[in-house]
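Going by this note's numbering, the sequence shown opens with residue 1067, and the numbers climb by one from there. Cβ coordinates follow ideal geometry from the N, Cα and C atoms, glycine included. Because the structure is a prediction, the values reported are computed rather than measured.
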Amino acid sequence: MKIINKKWLIGCSSIIAICAVTLSVWGCSKNTKPEIEVALWNLDVYDHYTEQVQSLVPDVKIKWVEGQRNLDYYKQLAETESLPDIITVRKFSMKDSLSLNPYLMDLTRTEVASSYYDIYLENYKTSEGKVFWVPMSGTVDGIVANKELFEQYNIPVPSDFDSFISACQAFETYGIRGYSIDLSIDYNALHLLQGMGIESLSSVDGIIWRKDYDDGKTNQLDSRVWLPAFEKLERLNTLKILDQDTMYSDDLLSYERFIEGTQAMVNISSESISKLLPGKEVEILPYFGENQNFLLTYPTFNAAITKAGGENSVKKAAAWKVLMAMTSSQAQEELNRYTDGLIPYKRDISFEYDGSMSMVQQYLERNRTYIRLGSEEFFEISKITVDEMLENHFSAEGALDLMNDLLSHSE
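Here it is as structure tokens:
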């Protein structure tokens, strides 16, 4: 009988054990998906979107966590090195994001950034031409007209600023409120002010001023750019279209009057028209300029990859996949599906418009859209300025001086 060497047996056992462990580890790593943590600014309203994004990257596990609508929250996380892999915000400005950029991945020469229209991407470029954030499709925010009411009283739907004023005055003669807006809400004040000046803000001078403001080169309004907005507000105030009764009118009460047929026009976004004004035949109006009209828009949210998402090659590749999925046409279609119509900022995405949004396509084809300037100080100071101006009947020049003074003292 052949005798088995004891050392040989022990050696074989050790080799078998090592192989088993190696195969086990290899098998586990092969079956384990990389996990990417995404902070979504509002988890409550994007179920269909998150499901769609996850379906597009089956080889990545996405952990959706609650984020915040503004940048301050993520700045605090950056200080403690606890940023998620991908972050999103609703309120965004280049000026506010500058201090966070060192913690983010550079998207400048990526497939994601190159897929955006230049007119929109310019608002996301630093003074060095770098891109750290990209926007999701945007809502249209503006004044909507109750078409049934206009037809009933044979009043033309406004097509310029003068006819907007005329329509308000005509409805007042029938005891119907022409227009109101709740200016105690900061975003209403910001949208109204920028909407009134949208033509000059979209001009060459306006684009240069905004770039200087975003880069921190100026904290003052250029009168050539901003005075037209204040002149229109002064006119609305003088004619009592915006006065104590109409400038603090609760939006929900205004929507009720709109539905009841006792108010002709209200401010609302294309994310909410059907939800808040159900069953009404409405038309969303552009903001009127002297020669050109524009749509005011802002992204549903903005996204960036943090350097935590690129800590190793596997995780970095997974983070890129998730961002690509988040900005894809399939995912953007899910964002659009539950609204009255969003504006796509990317070349590879298009939406169809009808009903209240049927006029949007013509503005897109002519590049007549403007992404709001939404810095934290602009939200706050716009509200204070518009409130003071209308309540105390400031002139356009006086309101401009007031806002510049407030900006000078803003931290």
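Close beta carbons around residue i, own chain, < 7 angstroms, minus the five adjacent residues each side
i	result
F1417	N1402, G1407, L1408, P1410
I1264	Y1353, G1355, F1360, L1362, Y1436
N1254	I1247, D1248, N1333
L1439	S1159, Q1260, R1276
A1500	For the chain, the structure presents residues 1067 to 1477; residue 1500 sits outside this window and is missing.
V1123	K1387, V1388, A1391
T1451	A1465, L1468, M1469, L1472
R1323	R1243, Q1329
S1395	D1414, I1415
K1191	V1197
Whole-angstrom C-beta distance between residue j and residue i, which should lie under 8 angstroms
i	j	result
I1221	F1237	7 angstroms
T1328	I1242	6 angstroms
S1289	L1106	With 8 angstroms as the limit, S1289 and L1106 do not qualify as a contact, their Cβ atoms being about 40 angstroms apart.
T1205	E1337	5 angstroms
R1156	F1445	Contact doesn't hold; Cβ gap of about 12 angstroms is too wide.
Local Cβ density within 10 Å of residue i, reported as buried at 16 or more and exposed below that
i	result
Y1364	buried
G1421	exposed
T1435	buried
K1298	buried
D1125	exposed
E1103	buried
A1211	buried
H1557	The chain is shown from 1067 up to 1477; residue 1557 falls before or after that span and cannot be answered.
Y1419	buried
S1474	exposed
N1458	exposed
N1303	buried
V1200	buried
Y1240	exposed
V1131	exposed
E1463	exposed
L1305	exposed
Q1118	buried
N1378	exposed
D1151	buried
Q1142	exposed
Residues bridged to residue i [DSSP beta-bridge criterion]
i	result
V1210	V1332, I1350
E1103	K1129
Y1436	L1362
V1197	K1191
K1412	Y1182
V1155	N1368
G1376	Per DSSP, none; premise fails for G1376.
T1116	None; T1116 has no bridge partner.
L1170	T1372
T1451	BP columns for T1451 are empty, so no partner.
G1421	DSSP lists no partner for G1421.
Sequence-distant residues of the same chain with beta carbon closer than 8 angstroms to residue i, five excluded per side
i	result
Y1139	G1133
Y1321	V1332, I1334, L1342, L1343
H1114	E1400, R1403, Y1404
S1269	V1291
Y1219	A1236, F1237, Y1240, I1242
I1231	R1301, L1302, L1305, I1307
Contacting residues, own chain, Cβ-Cβ under 6 angstroms from residue i (five flanking each side not counted)
i	result
T1088	Because T1088 carries a pLDDT of 42, less than 50, the predicted location of this residue cannot be relied on, and the following value inherits that uncertainty. Within the same chain, T1088 has no close Cβ partners at all.
T1174	K1196, V1197
Y1182	Y1411, K1412
A1179	L1173, V1197
K1449	D1252, A1255
Y1186	Y1411
T1116	W1130
F1227	F1354
C-beta neighbour in chain D for residue i, strict 7 angstroms
i	result
D1471	The question asks about chain D, but that chain is absent: this structure has only one protein chain.
heavy atom of the ligand NAD below 6 angstroms from residue i C-beta
i	result
Q1218	Looking for the ligand NAD in the displayed structure turns up nothing, as the structure carries no ligands at all.
| task | Identify every run of the beta strand (DSSP E) within the stretch 1289–1374, keeping only runs that are complete inside it and at least 3 residues long; order them along the chain. | result | Considered as a whole, the stretch 1289–1374 harbours 1329–1335, 1348–1350, 1361–1365, 1368–1371 as its complete beta strand (DSSP E) runs of no fewer than 3 residues, in chain order.
| task | Return the chain-ordered ranges of every alpha helix (DSSP H) run that is complete within the stretch 1224–1301 and spans a minimum of 4 residues. | result | The alpha helix (DSSP H) runs of length 4 or more contained entirely in the stretch 1224–1301 are, from start to end of the chain, 1227–1239, 1252–1262, 1264–1267, 1270–1280.
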